[in-house]
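Trainee: This is the structure I have questions about; it appears just below.
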């Protein structure tokens, strides 16, 4: 059985849209594959309505230290990260900021990440 979150990720739609169309947890692999291969009209329309260059529905976050990955909905306030690190890694486990760079750590990225932004000053 596939969770509602995984169904939404595979179809590249928000969780709210999946729920609205009855795609809740407990779907079988075959049912999700059928939706991917022969999408219903609402899914075709949703994909057609996306603006080119718009923010993606889901992104994969990957720790630059250990390689742990997580799928998340990107937030408008997320800047372009230089690095992503799990919360439990020490700052020294990432490459140091350049001589002419200022480093900022941003908490609350996904479920367990800290975003690192290096900016040239």
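Numbering (the numbering used here), first residue to last: 27 to 147. Glycine included, every Cβ here is placed at the ideal spot set by N, Cα and C. What you are looking at is a predicted structure, and each value in this text was computed from that prediction instead of being measured.
Is residue 53 buried or exposed, if buried means 16 or more other CB atoms sit within 10 Å of its CB?
Mentor: With 16 or more other Cβ atoms within 10 Å, it is buried.
Trainee: Tell me which residues share the same chain as residue 119 and place their Cβ nearer than 6 Å to its Cβ, disregarding the 5 neighbours each side in the sequence.
Mentor: Same-chain partners within the cutoff: 91.
Trainee: Just how far apart, CA to CA, sit residue 44 and residue 34?
Mentor: Going by the C-alpha atoms only, they are around 6 Å apart.
Trainee: I need the DSSP call for residue 194, collapsed to helix, strand or coil.
Mentor: In the structure as shown, the chain starts at 27 and stops at 147, and residue 194 therefore has no counterpart that could be examined.
Trainee: Tell me whether residue 147 sits in a helix, a strand or coil according to DSSP, three-state version.
Mentor: Note: residue 147 maps to coil in three-state DSSP.
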